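Before any comments, here is the structure.
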Amino acid sequence: MSATRYPTSAHWGSYQVVVDDGRVVGVRPDPDDPAPSPVMGNTPQAQHHASRVARPAVRRRWLDHGPGPDPRRGDPEDEYVEVEWDTALDLLARELDRVRGEHGNAAIYGGSYGWGSAGRVHHAQSQLHRFLNTIGGYTRSRTTYSHGAVEVLMPRLLGTPGANRLLHRAPAWSQIREHTELLVTFGGLRVSNTWTSSGGRAAQTALPAMRDAADAGVEFVSVSPLADDTDKGVRAEWVPIAPGTDTAVLLALIHVLFAEGLADTAFLDRYTVGADRLRAYVMGERDERGRPGGVARSPEWAEGVSGVPADRLRALARRMAERRTLVNVGWSVQRARYGEQPLWAGLALACCLGQVGLPGGGFASGYGSMGNYGGGSTPLGLPRMPQGDNLVDAFIPVARVADMLLNPGGRYRFDGADLRYPDVRLVYWAGGNPFHHHQDLARLSRAFGRAETVVVHETHWTATARHADIVIPSTTVLERDDLTASQGDLTVRAMPRAVPPHGQARDEYDTYADLAERLGVREEFTEGRTSGEWLRLIYGRWRSLVARRGLEVPDFDAFWARGRVEIPGRVEDEALFGEFREDPDGRPLRTPSGRIELFSETIASFGYEDCPGHPVWLPGPAVGAGDGAWPLVLLANQPSGRLHSQQDMGAYSRSQKVRERAPLRMHPDDARAAGVADGDVVRVSSPRGSCLAGLVVSDALRPGVVQLSTGAWFDRSAAGVTCAHGNPNVLTEDVGTSSLSQACTGQLTRVRVEPFTDPLPPVRAFEPPRGVASA
0 MSATRYPTSA
10 HWGSYQVVVD
20 DGRVVGVRPD
30 PDDPAPSPVM
40 GNTPQAQHHA
50 SRVARPAVRR
60 RWLDHGPGPD
70 PRRGDPEDEY
80 VEVEWDTALD
90 LLARELDRVR
100 GEHGNAAIYG
110 GSYGWGSAGR
120 VHHAQSQLHR
130 FLNTIGGYTR
140 SRTTYSHGAV
150 EVLMPRLLGT
160 PGANRLLHRA
170 PAWSQIREHT
180 ELLVTFGGLR
190 VSNTWTSSGG
200 RAAQTALPAM
210 RDAADAGVEF
220 VSVSPLADDT
230 DKGVRAEWVP
240 IAPGTDTAVL
250 LALIHVLFAE
260 GLADTAFLDR
270 YTVGADRLRA
280 YVMGERDERG
290 RPGGVARSPE
300 WAEGVSGVPA
310 DRLRALARRM
320 AERRTLVNVG
330 WSVQRARYGE
340 QPLWAGLALA
350 CCLGQVGLPG
360 GGFASGYGSM
370 GNYGGGSTPL
380 GLPRMPQGDN
390 LVDAFIPVAR
400 VADMLLNPGG
410 RYRFDGADLR
420 YPDVRLVYWA
430 GGNPFHHHQD
440 LARLSRAFGR
450 AETVVVHETH
460 WTATARHADI
470 VIPSTTVLER
480 DDLTASQGDL
490 TVRAMPRAVP
500 PHGQARDEYD
510 TYADLAERLG
520 VREEFTEGRT
530 SGEWLRLIYG
540 RWRSLVARRG
550 LEVPDFDAFW
560 ARGRVEIPGR
570 VEDEALFGEF
580 REDPDGRPLR
590 TPSGRIELFS
600 ETIASFGYED
610 CPGHPVWLPG
620 PAVGAGDGAW
630 PLVLLANQPS
640 GRLHSQQDMG
650 AYSRSQKVRE
660 RAPLRMHPDD
670 ARAAGVADGD
680 VVRVSSPRGS
690 CLAGLVVSDA
700 LRPGVVQLST
710 GAWFDRSAAG
720 VTCAHGNPNV
730 LTEDVGTSSL
740 SQACTGQLTR
750 VRVEPFTDPL
760 PPVRAFEPPR
770 GVASA
């Protein structure tokens with residue numbers, strides 16, 4: 000049989016899979032992609048890997064003893080029993096009925112923080128939430144691990160429409176090329192981050208656009224602990240800042256503008272509220288509570304905190320005032336303790352420059368964080384699967400899932416409200432892996448042990464699946480028909496089935512339909528349609544929406560035959576808040592003042608010690624010289640070899656590993672001090688746990704900093720270490736950014752690195768559990 004190429008899409012882009020005799024044997028870039036992501040190279044091995052879930056499986060202890068808390072949930076020696084589909088669905092339907100009947104629907108947590116599929120019909124999160132809404136609702140999560148602080152803080156400062164524009168309507172790279180003279184980015188512009196967009200992109204345009212802007216004369220300054228956080232092709236000036244000190248540098252830049260008369264006071268007076276409070280704070284006239292006396296947040300002060308020379312900060316501030324400047328605070332920067340503060344200070348700096356609303360100037364948060372940020376917008380919407388209405392009011396901030404499970408009924412504060420954690424008995428997860436996203440994985444494992452039942456739909460035996468009582472095998476994107484597009488995308492693309500399902504894997508839609516039938520609501524869930532009919536329907540609804548604007552796209556059959564269709568009405572966004580400066584009263588925003596709130600009376604009224612009413616310096620636990628026990632700061636950034644933890648067993652991901660462990664980068668001076676060398680397997684420890692990693696000695700990072708990307712599959716199989724594979728989230732602290740947003744803080748933590756002299760244990764993360772046979 001000759002090989003056939005099938006077009007497909009993932010969150011890391013569009014490409015082709017080469018299929019021979021029902022197996023994926025290779026991949027090819029999409030011919031229209033100018034800079035395709037190498038992450039596609041993981042697909043062939045991942046699609047047919049031994050870690051695929053081939054049959055429904057039930058954890059032996061849950062099957063023998065019934066529902067209930069179990070501290071052994073997730074034990075690497077746990078045994079599973081493979082069962083028939085009818086058995087698995089009968090067990091699951093009875094358990095859902097039991098929990099709903101005894102405790103109410105709020106006792107079901109519909110986790111599904113899902114990146115499992117770029118498809119819009121077979122989108123794991125949408126499918127699960129639609130099903131749970133059909134049976135009465137569920138406890139849900141709010142915000143994201145990626146930018147939870149942005150999502151809560153910015154509506155308070157810019158109003159909800161303004162915050163949405165900041166996240167989804169950022170100026171296109173073409174506008175930066177034309178108008179920006181200086182782009183100063185905190186957290187860099189990491190190219191591998193731009194390979195990812197929720198829903199994927201027809202073409203990877205961010206890197207070519209960055210280089211094009213640099214070639215046109217835009218100057219870049221990258222403020223980051225990592226020299227290679229910005230592509231060499233943009234020729235960025237590197238400012239090697241100490242991790243977690245971005246707010247100190249931002250406040251010092253504001254100090255220079257006020258001290259030297261460079262601040263645009265006319266802009267501040269007309270379009271902002273609270274500039275006087277901010278000025279008094281940075282100049283040392285008032286403290287963070289507005290009381291007399293304080294510390295001047297001068298460049299000299301910031302040098303002592305950040306390590307960036309005062310003269311360099313002063314020169315940078317002057318340069319920013321002289322040029323059309325765009326201030327970008329990447330999402331990585333806010334994923335740390337007090338992560339709201341660099342966002343607020345970055346916005347304040349842009350306001351002091353007076354360039355918010357000018358083409359090529361102002362403030363942004365997301366360039367270099369995701370591929371569709373600055374890649375245009377699609378205001379007419381995209382095809383989507385309807386999820387229905389949730390009748391349950393209970394929710395948690397997404398990064399507080401372990402707190403919820405460990406402290407049912409416990410009090411916590413969030414965005415001005417005093418709340419209680421719901422008493423969740425059943426955790427239902429699909430299309431995502433909290434044992435990648437979350438912090439302090441030993442604590443998360445204990446939290447999963449407190450549930451009475453954990454249900455997971457999965458394609459592979461991830462750590463989350465190995466914490467489940469009922470595991471449902473799901474098809475991958477290559478085993479079903481679908482379509483996809485992302486915000487700002489160029490085209491809507493067909494994703495035709497390329498290979499048959501693995502083992503007994505089924506589409507999740509069909510699984511939920513059969514579950515809904517057992518619960519008496521099949522018609523409500525399916526509305527009488529197959530998944531193929533839903534595919535046609537959501538495309539048709541989008542086509543009708545487009546037609547109402549006088550635009551046209553072909554019908555479904557023509558679209559499917561072509562494989563893609565250009566998205567009409569796509570916009571290359573211009574200046575953020577360009578209309579802002581035209582408002583006659585200077586009050587164009589939906590905030591209490593109508594202006595940008597550099598001081599927020601609302602936030603101040605909450606009385607949060609960890610998030611006062613204007614941007615302040617609050618040193619996080621990773622800041623400072625450290626001590627003998629934990630002398631280094633670990634930076635746990637996003638991986639370049641895969642999306643999150645997906646397809647970690649693939650060839651491209653494994654090519655980056657050192658002796659099968661995740662690579663830890665370390666400065667030569669720190670490696671010599673620790674007595675370790677390039678290529679060694681080292682033990683990395685924190686107060687929460689330890690992991691093994693393969694050492695890569697590099698001068699591309701600041702001394703005192705080590706870098707270990709997230710995404711290595713959690714492997715607790717070896718004695719003496721929390722993870723034998725190199726997952727940094729066994730080291731990070733499970734605590735929110737502040738009482739305001741309770742967002743993820745997984746970017747930074749303090750660690751120790753030392754030689755590992757014990758016999759090297761094997762990596763068992765990709766082995767199926769006991770009792771599971773290969774397909």
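Straight run, no breaks: the sequence shown in numbering that gives the first Met the number 0 ends on number 774. For glycine and all other residues, C-beta sits at the position ideal for the given N, C-alpha and C. Remember, it's a predicted structure, so these values are computed and weren't measured experimentally.
- Contact between the segment 353 to 364 and the segment 310 to 328 is established, with three or more Cβ pairs separated by less than 8 Å.
- Residues 202, 203, 204 and 207 of the same chain have their beta carbon placed closer than 8 Å to that of residue 33, with the five preceding and five following residues left out of the count.
- Three or more beta-carbon pairs separated by less than 8 Å are not found between the segment 23 to 40 and the segment 226 to 242, which leaves the two stretches without contact.
- Residues of the same chain with a CB within less than 7 Å of the CB of residue 345, apart from the 5 flanking positions on each side, are 185, 249, 326, 328 and 362 in chain order.
- In terms of Cα proximity to residue 388, the closest of 135, 265, 650 and 28 is 135.
- The beta-carbon separation of residue 439 and residue 687, rounded to 5 Å, stays under the 8 Å limit for a contact.
- At a cut-off of 4 residues, the continuous stretches assigned as alpha helix (DSSP H) that sit fully inside the segment 298 to 323 are 298 to 305 and 309 to 321.
- By the Cβ-count criterion, residue 91 is buried, with 16 or more other Cβ atoms from all chains shown falling within 10 Å of its own Cβ.
- In this structure, residue 84 lies near residue 55, with their beta-carbon atoms less than 7 Å apart.
- By the CB criterion at 7 Å, residue 506 and residue 474 fall inside the cutoff.
- Contact between the segment 107 to 127 and the segment 417 to 433 is established, with three or more Cβ pairs separated by less than 8 Å.
- Contact check for residue 497 against residue 477 passes: the beta carbons are separated by less than 7 Å.
- In the DSSP assignment, residue 417 falls outside any alpha helix (DSSP H) and within the unbroken beta strand (DSSP E) covering 416 to 419.
- Distance from the Cα of residue 656 is smallest, within the candidate group 297, 455 and 709, for 709.
- Counting C-beta pairs with one atom in each stretch, the segment 264 to 283 and the segment 637 to 652 have fewer than three that are closer than 8 Å, which means they do not touch.
- Counting C-beta pairs with one atom in each stretch, the segment 339 to 353 and the segment 453 to 473 have fewer than three that are closer than 8 Å, which means they do not touch.
- Taking the Cβ atoms as the reference, residue 168 lies roughly 5 Å from residue 572, within the contact range of under 8 Å.
- For residue 537, the enclosing alpha helix (DSSP H) stretches over residues 530 to 547.
- The C-beta distance from residue 52 to residue 472 rounds to 4 Å, short enough to fall under 8 Å.
- Pairing residue 637 with residue 399 gives a Cβ-Cβ distance that is not under 7 Å.
- The distance from the Cβ of residue 2 to that of residue 17 is about 5 Å, consistent with a contact at the 8 Å cut-off.
- Annotated three-state conformation of residue 203 is coil, per DSSP.
- Beta-bridge partners assigned by DSSP to residue 327: 184 and 363.
- Around the C-beta of residue 599, 16 or more other C-beta atoms lie within 10 Å, and the residue is accordingly described as buried.
- With a threshold of 16 other beta carbon atoms within 10 Å, residue 458 meets it and is buried.
- Non-local beta-carbon contacts of residue 197 in its own chain, meaning distances under 7 Å to residues more than five positions away in sequence, involve 10 and 485 in chain order.
- Counting along the chain, no beta strand (DSSP E) covers residue 559; the unbroken alpha helix (DSSP H) around it starts and ends at 555 to 561.
- A contact is defined here as three or more CB-CB pairs under 8 Å, and the segment 149 to 166 fails this definition with respect to the segment 564 to 571.
- Excluding five sequence positions before and after residue 548, the CB atoms of its chain that fall closer than 7 Å to its own CB belong to 379 and 568, given in chain order.
- In terms of Cα proximity to residue 530, the closest of 608, 509, 402 and 13 is 509.
- Residue pairing by DSSP places residue 413 opposite 416 in a beta bridge.
- Of 93, 106 and 697, the smallest CA-CA separation from residue 676 is found for 697.
- DSSP, reduced to helix, strand and coil, places residue 43 within a helical segment of the structure shown.
- Taking a contact to require three or more Cβ pairs closer than 8 Å, the segment 520 to 527 and the segment 408 to 420 do not qualify as touching.
- Between residue 751 and residue 706 the beta-carbon gap is near 15 Å, outside 8 Å, which marks them as no contact.
- With a contact defined as Cβ atoms closer than 8 Å, residue 653 and residue 78 miss out at about 28 Å.
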